[in-house]
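Shown next, in structure tokens, is the structure this report addresses.
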Ligand SMILES: Cc1ncc(COP(=O)(O)O)c(C=O)c1O
């Protein structure tokens, strides 16, 4: 049975008009199929070069990764990294016994991070690599839940109704955590006055069933830091008033790889006693290709033993804490390569450059009469802006996003979360590789397209236009 040929079919199978793919006539050989079904496994084999060409050509329809200013995830590494990647693509991270050196390197990496994040005794901290921040956040959340359960049980109290307190602007991985692991999500709405979770009225959300508070270093929607020290101080006051003592997990998906280098005096990490664990994406500002995250607990006491499984390692056993079993080991080696290659000075230089480009773009965009900045790219190299109230009824930021897409630039527009859902913002994520020169080219395109939209005589029709960007 063939699939319906519906060009609006977005069910993850690609958009197209036919249910088969034709091989380029250059590759046609006697006995080889020239048409391959798209959604069923072909009956017969293909030559590797034919299969390669088909996959290569299909992938060509994706956007240009370097012009993708929507993603936080690494889109460029140097040739030595690519060489390492190719050499180590066959390594499975879980096979600690077969790949003891990769296992040792994983430990070195998270120990370096524990140090970078000011753990009092990095060698006594504990951590792991993950597939990304989502898994790292889930593990951080699970440890919070288990610690709370253990404490409650030891006090003879109910463990029926755990809750987690977090900003309404959290990344979707936290909604997943709460859903999958049955924890009530207590969202603190962000507002124009309180643009991030900042400790304001935290006592209304925290109670004896709160397993923890999530503080985000680099809110996905805007890039702004949540003031972890203020959140911690608010929790100190709650503890003093009520005896309810709540730990913090810092979701530093982006910021935990920016702040230590570019804002070393900002206190957000293990310098705050309440911070039990910190997670980050190695594949964001850790500057590695997709597929690596990290989570570190301040000390062994912060990670309950029962969550740890043991895998065989050099005739003994090695503790692991992960949701996945098999996953790529190559990215961990790439992370180590980047740590050695750049060192602290190199990371500082690279991240400063991205911050400089972000701030330049933000300043220039702020000069355009159509726009108002939400933030200016001074936390992580990410910033968002809004259309000025009353500026136009002809176009929106979604239209500008569409126009820029025609030129190859992906600059998403989307609504802010719940209580601010009527505010639409457009965001640029500056990563290593968006040079000053490319930024100037982007700025010129933005000006051209705003000019085009301003000259419209009637509003752009918007019925049936889907909102395509999700965090
Ligand atoms: C604040 C925050 N947390 C978690 C995540 C999820 O990260 P990952 O894509 O590495 O799973 C993101 C991704 O953008 C994020 O911005």
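Residue numbers (our numbering): 1 to 471. We put the beta carbon where it would ideally sit given N, CA and C, even for glycine. None of these values were measured; they are calculated from a predicted model.
In the structure shown, the three-state DSSP call for residue 313 is strand.
Looking at the DSSP output, residue 51 bridges to nothing. Leaving aside the five residues that flank residue 245 on each side, the residues in its chain whose CB is nearer than 6 Å to its CB run, in chain order, 239. In chain order, 169, 384, 414, 416, 417, 425, 427 and 471 place their CB closer than 8 Å to the CB of residue 221, counting only its own chain and leaving out the 5 sequence neighbours on each side. Contact annotation: residue 277 and residue 296 have beta-carbon atoms nearer than 9 Å.
Residue 93 is positioned such that its CB atom lies no closer than 9 Å to that of residue 287. Shortest Cα-Cα distance from residue 125 to any of 298, 395, 453 and 450 involves 298. For residue 34, same chain residues with a beta-carbon under 7 Å away, outside a window of 5 residues either side, are 22, 23 and 28 in chain order.
Going by beta carbons, residue 294 and residue 127 fall inside the 9 Å limit. In the structure shown, residue 346 adopts helical secondary structure according to DSSP, grouped into three states. Three or more pairs of CB atoms, one per stretch, sit closer than 8 Å, so the stretch 258–275 contacts the stretch 221–230. Taken through DSSP and simplified to helix, strand or coil, residue 225 comes out as strand. For residue 145 and residue 129, the gap between their C-alpha atoms comes out near 20 Å. Considering only 96, 236, 269 and 411, the residue with the shortest C-alpha distance to residue 252 is 269. Spatial neighbours of residue 326 in its own chain (CB-CB distance under 6 Å, excluding positions within 5 residues in sequence) are listed in chain order as 92 and 94. Counting the other Cβ atoms within 10 Å of the Cβ of residue 362 gives 16 or more, which makes it buried.
Nearest in C-alpha terms to residue 151, of all of 301, 102, 59 and 98, is 301. Here the stretch 322–336 makes no contact with the stretch 399–411; the two share fewer than three CB pairs at distances below 8 Å. Here the distance from the Cβ of residue 168 to the nearest heavy atom of ligand 1 is not below 8 Å. Judged by the Cβ position, residue 269 fails to qualify as a neighbour of ligand 1 at the 8 Å threshold, every heavy atom of the ligand being at least this far. With a beta-carbon spacing of about 48 Å, residue 452 and residue 109 fall beyond the 8 Å limit used to define contacts. Taking 4 residues as the shortest admissible run, the stretch 114–195 contains the following complete alpha helix (DSSP H) segments, listed from N- to C-terminal end: 133–154 and 172–180. For residue 429, the enclosing beta strand (DSSP E) covers residues 424–429. The beta-bridge partner set that DSSP reports for residue 217 consists of 225. Within the chosen limit of 8 Å, ligand 1 does not reach the beta carbon of residue 181 with any heavy atom. Taking residue 172 as reference, the option from 219, 203, 163 and 207 with the minimal CA-CA separation is 219.
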